[in-house]
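Per the numbering used here, numbering through the sequence shown is continuous, rising by one, with the last residue being 596.
Every residue, glycine too, gets a C-beta built ideally from N, C-alpha and C.
In what follows, a structure is listed as structure tokens, so that the remarks can point back to it.
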Amino acid sequence: MKFSGVSSSKFPLVIIGVVVLFALYLIPAYAAAPQVCLEEFPADSSLSKTKKELYIKEIKAGITEWQNMLKEQSTFPRAENWKWDIDVVNYSDSIKCDVIVKFKDKPENENKKLTLGTFQNAGGIGIINMYYFTPYSCETGRDSQYIYYGICRDPIDLATTVEFGSIFRHEFGHALGLPHVDINTSLMHPTFELISYKGKITTGDVKNVIEMYPNGFYSQEPVSEPEIIELTPDVIQPIPDWIRSNALWWSTGEINDETFVVGIKYLITQDILVIPATETIHDSTGIPSWIKDNARWWAAGEINDETFVLGIQYLIQQGIILVD
């Protein structure tokens with residue numbers, strides 16, 4: 273989310289930035305309601321307990337609004353078919369989630385300094401980043417002739433609950449599989465203005481979701497177990513292209529260590545990356561910057577899949593990526 277158009281101190285409209293990492297994300301049919309996980313807020317004295325509760329309330333309200341509109345507009349109106357379970361989890365538990373909502377003060381990538389929300393698909397897990405410091409116009413310098421203004425983010429201007437709720441509804445639309453559209457009244461338009469018809473779920477948005485899931489998200493049919501393929505040092509399963517994209521984005525700083533580790537978890541769950549059966553990946557402890565060279569070389573095809581996997585296994589063995 274970013275502001276466009278400058279007033280004396282703040283920008284008058286909020287724009288949902290084009291999400292560079294966005295990829296069409298379609299959730300599968302589930303034998304139970306899919307899970308939305310809200311990761312705990314970071315330790316930040318600028319966020320009061322009340323503000324955190326209001327933000328969480330807006331997110332739950334946004335999911336409920338999507339559910340109710342899908343149920344009302346669908347010809348398959350059972351509430352269970354459109355239900356999402358919501359839980360607050362620690363990062364180490366997020367592998368169990370279908371969509372993860374992360375709370376951050378601001379984007380780490382300078383190119384996204386005007387953004388207030390992003391979505392990306394990390395191997396079938398939807399990642400929604402919600403940034404609660406609102407960008408505003410500030411003085412960045414002056415000389416004898418001019419005063420210079422730029423973009424600042426700090427606790428002086430936290431996102432309002434209206435802004436936060438609207439941006440979440442938009443990013444959750446991406447999680448349901450909706451791309452940006454060039455329809456001014458649609459929730460999925462990349463620009464959100466603080467006017468009555470913006471930032472709201474429309475019947476057109478709901479219709480597009482129903483077309484993707486005519487029977488809803490819930491399926492009573494049993495979900496078949498994936499085939500487990502035993503790996504040997506000479507043969508590994510092909511690594512999905514999105515992992516290669518994540519490696520490239522991580523090597524250039526467009527995603528952080530934590531998001532990169534989500535992809536590593538996926539490799540483990542798919543038996544592409546093998547670690548002892550009694551261990552599971554837990555967290556990252558400051559992955560050294562030089563390791564990003566390997567990720568960049570692999571993304572460019574300069575080293576093969578097996579070499580890349582062996583490198584990740586080395587990080588785990590050396591305790592750079594922790595397992596427990």
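- Query: Going straight from the alpha carbon of Leu430 to that of Tyr327, what length do you get?
  - Reply: Walking along the sequence shown from the start, residue 430 turns up at place 158. Walking along the sequence shown from the start, residue 327 turns up at place 55. If I take the Cα positions, the gap works out to 11 Å.
- By Cβ distance below 7 Å, which residues in the same chain neighbour Asp477 in space, the five residues on each side in sequence not counted? Mapped onto the sequence shown, residue 477 falls at position 205. Excluding residues within five positions, the ones whose Cβ falls inside 7 Å are Gly445, Leu450, Ser458, Leu459 and Met460.
- Message: Only counting the same chain, and skipping five residues up and downstream in sequence, which positions put a Cβ closer than 6 Å to that of Leu310?
- Response: Numbered from its first residue, the sequence shown carries residue 310 at position 38. So the list reads Val360 and Val373, once near-sequence residues are dropped.
- Task: Give the secondary structure of Lys472 by DSSP, where H, G and I count as helix, E and B as strand, and everything else as coil.
- Result: Locating residue 472 in the sequence shown gives position 200, where the first residue counts as 1. Lys472: coil per DSSP, three-state reduction.
- Task: Go ahead and label Lys368 buried or exposed: buried means 16 or more other beta carbons lie within 10 angstroms of its beta carbon, across all protein chains shown.
- Result: In the sequence shown, the residue the question calls residue 368 occupies position 96. With fewer than 16 Cβ atoms within 10 Å of its Cβ, Lys368 is classed as exposed.
- Contact between the segment 417 to 434 and the segment 400 to 407: three or more CB pairs below 8 Å? yes
- Task: Could you please give the first and the last residue of the uninterrupted alpha helix (DSSP H) stretch that includes Ile331?
- Result: The residue labelled residue 331 in the question sits at position 59 within the sequence shown. Run containing Ile331: Lys321 to Gln345, per the alpha helix (DSSP H) assignment.
- Taking 7 Å as the cut-off, decide whether the C-beta atoms of Val371 and Gly398 are in contact. Here residue 371 refers to the residue found at position 99 of the sequence shown. Here residue 398 refers to the residue found at position 126 of the sequence shown. Cβ distance < 7 Å, so Val371 and Gly398 count as in contact.
- Task: Just the C-alpha distance for Trp354 and Lys343, rounded to the nearest angstrom, thanks.
- Result: Locating residue 354 in the sequence shown gives position 82, where the first residue counts as 1. Locating residue 343 in the sequence shown gives position 71, where the first residue counts as 1. The straight-line gap from Cα to Cα measures roughly 6 Å.
- Check whether Ile515 and Trp521 have beta carbons under 7 Å apart: Numbered from 1 along the sequence shown, position 243 holds the residue referred to as residue 515. Numbered from 1 along the sequence shown, position 249 holds the residue referred to as residue 521. No. Outside cutoff.
- Return the residue from the list Thr475, Asp543 and Ile511 that minimises the CA-CA distance to Ser346. Locating residue 346 in the sequence shown gives position 74, where the first residue counts as 1. Nearest option by C-alpha distance: Thr475.
- What is the DSSP secondary structure of Met460, reduced to helix, strand or coil? Taking the first residue of the sequence shown as 1, we reach residue 460 at position 188. Three-state result, Met460: coil.
- In three-state DSSP terms, what is Tyr418? Along the sequence shown, read from residue 1 onward, the residue named residue 418 stands at position 146. Correct three-state label for Tyr418: coil.
- Query: Which whole-angstrom value describes the C-beta separation of Ala447 and Ala519, a residue pair presumed to lie in contact below a C-beta threshold of 8 Å?
  - Reply: Locating residue 447 in the sequence shown gives position 175, counting from the first residue. Locating residue 519 in the sequence shown gives position 247, counting from the first residue. Going by Cβ atoms, the distance from Ala447 to Ala519 rounds to 23 Å, so no, they are not a contact pair.
- Item | Beta bridge counterpart(s) of Thr390 as assigned by DSSP | As a first step, residue 390 must be located in the sequence shown, where it is residue number 118. Answer is Asn401, bridged to Thr390.
- Task: Per DSSP, which residues does Asn375 bridge with? Please list them.
- Result: Reading the sequence shown from its first residue, position 103 is the one you call residue 375. The question names Asn, but residue 375 is Phe in the sequence shown. Answer is Met402.
- Task: For Trp356, I'd like the list of residues in its chain whose CB is within less than 7 Å of its CB, leaving aside the five on either flank, ordered along the chain.
- Result: Working through the sequence shown from its first residue, we reach residue 356 at position 84. Hits under 7 Å: Ala305, Pro306, Val308, Ile335 and Gln339.
- Query: CA-CA distance, Val654 and Val534?
  - Reply: Here the chain covers residues 273 to 596 and nothing more, so residue 654 does not appear.
- Message: So, at 8 Å on beta carbons, what are the nonlocal neighbours of Tyr421 in its own chain, with the 5 sequence-adjacent residues on each side left out?
- Response: The residue given as residue 421 occupies position 149 in the sequence shown. Hits under 8 Å: Val278, Ser409, Cys410, Glu411 and Thr412.
- Item | Buried or exposed by the 16-neighbour rule on C-beta atoms within 10 Å, applied to Ala394 | Looking up residue 394 in the sequence shown gives position 122. With 16 or more Cβ atoms within 10 Å of its Cβ, Ala394 is classed as buried.
- Query: Could you give the C-beta distance for Glu443 and Phe391, rounded to a whole number, given that I count them as a contact under 8 Å?
  - Reply: Start at 1 with the first residue of the sequence shown, and residue 443 comes out as number 171. Start at 1 with the first residue of the sequence shown, and residue 391 comes out as number 119. Indeed they touch by this definition, with Cβ atoms about 5 Å apart.
- Message: If you reduce the DSSP assignment to three classes, tell me which class Tyr485 lands in.
- Response: Taking the first residue of the sequence shown as 1, we reach residue 485 at position 213. Here Tyr485 sits in coil by DSSP.
- Task: Give the DSSP bridge partners of Val308, in chain order.
- Result: Residue mapping note: residue 308 aligns to position 36 of the sequence shown, counting from 1. Ile358 and Val371, per the DSSP bridge assignment.
- Message: Tell me the residue span of the alpha helix (DSSP H) that contains Gly449.
- Response: If you number the sequence shown from 1, residue 449 lands on position 177. It is not in any alpha helix (DSSP H) - Gly449 carries neither H nor E in the DSSP assignment.
- Query: Just reading off the alpha helix (DSSP H) that Ala519 is part of, what are its end residues?
  - Reply: The residue given as residue 519 occupies position 247 in the sequence shown. Segment Asp513 to Ser523, the alpha helix (DSSP H) holding Ala519.
- Under the assumption that Ile511 contacts Asp577 (Cβ atoms under 8 Å), give the Cβ distance between them as a whole number of angstroms. Taking the sequence shown and counting its residues from 1, one reaches residue 511 at position 239. Taking the sequence shown and counting its residues from 1, one reaches residue 577 at position 305. Ile511 to Asp577, Cβ: 5 Å. Contact.
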